[in-house]
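Residue numbers (this note's numbering), protein chains in the order written: chain A, 3 to 316; chain B, 193 to 501.
Encoded as C-alpha cells, the structure appears first; notes follow it.
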C-alpha cells in the first residue's frame, strides 16, 4: 500500500502514515489477524487429529496383529474366539461395490457431460445442472433405503435367487449417486477447452459429435480422468448405502450378486454394537479407518494433480 | 480412419451418416439425463407412497416406539435441530474467519500453502473417518461423551471445507478497487473487511453455509460412529429455564438421536411395518435437504444475475 500512497508535503507524513503509527490501532489489527489465522489453522489441526487418532489406535492394533497377516489373511472374524484380521475380505466388498458403481457412473456421467458441454443449448444446461446438483444433495441414507426396498426387489425379479442384501443393488444406486459429481467435473474440464480448437475442427467439416469425441474429449482428458478418480474415491468412502443394502457379513468375494461387508459398513456395524473402549474389536475400526483414509487420500491426490494439470494446459 | 470417397453421392452419404450419429448422440444424452432424473423421481415417489399414511401431525409429536404404528420422530427432529444449531454456531464463524484469512491476510508462503492443501484434502476425506476422529478425540480424549455437542462439533468439522471454499470464492469476486477505496479514506484492513468485504460477500457465504448445513442434516455415518443411541424416548433438557439465569446449556451434554439415524434404524428392521416409518422420515429428510439446496441454487443464481461490479 505504501507504494501507492500519494506523496505528501516533504517533511510532513501523509495521513495514512500517521494512522499507521497509532499503537492501539495496530495492536487491534494484529490481534484480529492472529484470531483469523487460528481459525484457518483449525483445518490443519483436524487433519493432524485424524492422523493422530487413526495411527495411535492402529499402532495398538498392529502390536497384536502383524501387518503381514492383516494384508494377507483371507478371513475377517475379529469378534470370534478364533480371531482373524484379513482386511482383504472387507476390501473385496469395497472394490466390488465401487466397480459396479463406476460401471454405472462413468458411462452415464461422461455422456451427460459431453451432451451438456457440446450439444445442449445454454437454456437447457441452465436447467439440467441445478437439478443434477439437487440429486447429489439427497442424503445417502435415503439412497440406502431406495437401494434396499426399491432397486433390490426389481433386481430380484430380473435375477432369480438374488439375496436381499447384495453388492449389485448398492453399487448401482451408489453409481447413480456419483453421476452428478462425474458429470459436473468432466463438463467443467470440457468447457475449459478453448473454442478455437472446436472451430478448427468445425472448419475441417467435422460434425459436433466428431469434434466432441476427437478434439474436445482428448483435450480435456486429464480433467475427465480427475472426475473418474474423485468418483472412485467417493465410492470407496461411501457408507450408508452399503451398510443398508449390501449387508454387514464379511465375505471374500468379487461377485456383485452376493452380500458382503465393506470397510465402511464394518465400521458402522461395530459402532452400532457395544464394544468396550480399548478392546481389540474397538481398535479394528481404527485400523480399517486408516486403510480407508490411505485409499481415498491416494485417489484424491491423483485426482487433484490431474485436475491441476488440465487447468494449467491452456 | 481413411475416408476415400470418389463421387459426390458417396460424400453426401458420409455427411448424412455423421449427422445421423449426431442426432443419435443427442438422444443418448437426453436418455442419460433422463435416467438420472427418473431415479430421483422414482426415489421420491416411492418413499412418498410408502410413507404417506404415516405423515400426520402425530408422527412429529410421538417418540419412537416398539410398535411401528405409534412410533414418531419427535426426539429425532428435536435432536437434528439442536445438533444443527451447534454445527452452525461452530462452523460458520470458523469457516468465514478462515476464508477471510486465506483471501485477505495470508502471506504467500509455505504455511498458507499447507493450509490450502489441507482444506482440499479434508473435503475428500470420507465422512465416516470424521466419525472415528470424533470417537477417539471428542468422546474419549476430551470426555465430551456421546452428546449433542460431540455430534455438532463433528459435523462442524465435516462441513468446514464447504464454508471456507464458499467464503473464499465470494471474497475473490469482489474487485480490488473496493479495498483500495476503503484504504484511501483511512480504513484499516479489519475495517475494510468488516464494513465492505464481509457484507458484499454475504450472499455467497450464505449459499455455502446452506449447502454445508444440508449436507450435515443428512449425514449418518459419523454420528453412528460416535455411538449415538438409536432408541431415545425422551427430549434433552429445555434451553430456557424458570430460574435465574433462565438459560441452560445442559442440553449440550444430553444423549440424542437425529433424523437420518432414526431412518436407518427403521430401515434396517426386518419388520416391514417399520419401513413405512422409514419412508415417512426419508420423505421429510429429502424435502428438507431439497428445500435448502434449492434455496442455495436460487441465491447463487440471483447473485450472478444482479451483481455486476
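All residues carry an ideal CB built from backbone N, CA and C; glycine is no exception.
Rank the options by C-alpha distance to the C-alpha of residue i and give the top, closest one.
i	options	result
residue 372 of chain B	B:381, B:364, B:365	B:381
residue 481 of chain B	B:304, B:237, B:405, B:387	B:405
residue 197 of chain A	A:214, A:239, A:187	A:214
residue 170 of chain A	A:183, A:184, A:154	A:154
residue 453 of chain B	A:245, A:262, A:251	A:245
residue 365 of chain B	B:332, B:466, B:394	B:394
residue 211 of chain B	A:145, A:41, A:175, A:210	A:210
residue 348 of chain B	B:278, B:311, B:299	B:278
residue 235 of chain A	A:136, A:293, A:260, A:271	A:293
residue 460 of chain B	A:143, A:55, A:227, A:131	A:143
residue 289 of chain A	A:84, A:65, A:168	A:65
residue 469 of chain B	B:341, B:246, B:456, B:374	B:246
residue 367 of chain B	B:213, B:389, B:253, B:383	B:389
residue 118 of chain A	A:147, A:161, A:186	A:186
residue 175 of chain A	A:95, A:105, A:122	A:105
residue 294 of chain B	B:462, B:361, B:252, B:375	B:361
residue 355 of chain B	B:407, B:327, B:392	B:407
residue 94 of chain A	A:83, A:78, A:107, A:178	A:78
residue 184 of chain A	A:201, A:228, A:146, A:121	A:228
residue 82 of chain A	A:300, A:204, A:281	A:281
residue 478 of chain B	B:214, B:198, B:437, B:237	B:237
residue 484 of chain B	A:90, A:80, A:141, A:99	A:141
residue 111 of chain A	B:446, B:476, B:227	B:227
residue 325 of chain B	A:311, A:295, A:302	A:295
Considering residue i, what are the terminal residues of the alpha helix (DSSP H) in which it resides?
i	result
residue 352 of chain B	340-364
residue 464 of chain B	Counting along the chain, residue 464 of chain B falls outside any alpha helix (DSSP H), and DSSP gives it neither H nor E.
residue 29 of chain A	25-66
residue 176 of chain A	169-193
residue 132 of chain A	124-138
residue 313 of chain B	302-316
residue 413 of chain B	413-417
residue 165 of chain A	That residue, residue 165 of chain A, is in no alpha helix (DSSP H); it is neither H nor E in DSSP.
residue 456 of chain B	451-459
residue 73 of chain A	69-74
residue 278 of chain B	266-292
residue 79 of chain A	Segment: none, residue 79 of chain A is in no alpha helix (DSSP H) and carries neither H nor E.
residue 147 of chain A	142-148
Kindly indicate which three-state DSSP category residue i falls into: helix, strand or coil?
i	result
residue 87 of chain A	strand
residue 202 of chain B	helix
residue 326 of chain B	helix
residue 336 of chain B	coil
residue 427 of chain B	coil
residue 299 of chain B	coil
residue 447 of chain B	coil
residue 367 of chain B	coil
Just the chain E side, please: which residues come within less than 8 Å of residue i by C-beta, in chain order?
i	result
residue 130 of chain A	Of the protein chains in the structure, A and B, none is chain E.
Leaving aside the five residues before and after residue i along the sequence, list all residues of the same chain whose C-beta is less than 6 Å from its C-beta, in chain order.
i	result
residue 222 of chain A	191, 192, 195
residue 4 of chain A	At residue 4 of chain A, the pLDDT of 44 sits below 50, so the modelled position is not reliable and the matter cannot be decided from this model.
residue 200 of chain B	none
residue 509 of chain B	Here chain B comprises residues numbered 193 to 501, so residue 509 of chain B is not present and cannot be evaluated.
residue 271 of chain B	448, 449, 450
residue 297 of chain A	238
residue 287 of chain A	269, 272
residue 145 of chain A	175, 179, 243
Excluding the five sequence neighbours on either side, which residues of its own chain have a C-beta within less than 7 Å of the C-beta of residue i, listed in chain order?
i	result
residue 385 of chain B	292, 296
residue 344 of chain B	275, 278, 279, 282
residue 399 of chain B	358, 488, 491, 492
residue 156 of chain A	none
residue 350 of chain B	319, 322, 408, 411, 414
residue 136 of chain A	none
Is residue i close to the ligand ADP? I mean its beta-carbon at under 8 Å from any heavy atom of the ligand.
i	result
residue 443 of chain B	Of the ligands one can find in the structure shown there are none, so the ligand ADP has no counterpart to examine.
Can you list, in chain order, the residues of its chain with a C-beta nearer than 8 Å to that of residue i? Leave out the 5 residues immediately preceding and following it.
i	result
residue 208 of chain A	216, 217
residue 463 of chain B	260
(message) Please give me, in chain order, every unbroken run of the alpha helix (DSSP H) with length at least 4 that falls completely inside the region 222-261 of chain B.
(response) For the alpha helix (DSSP H) assignment, the uninterrupted runs of no fewer than 4 residues enclosed by the region 222-261 of chain B are, from N- to C-terminal side, 249-253.
(request) Return the chain-ordered ranges of every alpha helix (DSSP H) run that is complete within the region 199-285 of chain A and spans a minimum of 4 residues. (result) Runs found: 210-213, 223-239, 242-247, 265-274.
(request) Pick out the complete alpha helix (DSSP H) segments inside the region 371-416 of chain B, 4 residues or longer, and give them in chain order. (result) Whole alpha helix (DSSP H) segments, 4+ residues: 381-384, 390-410.
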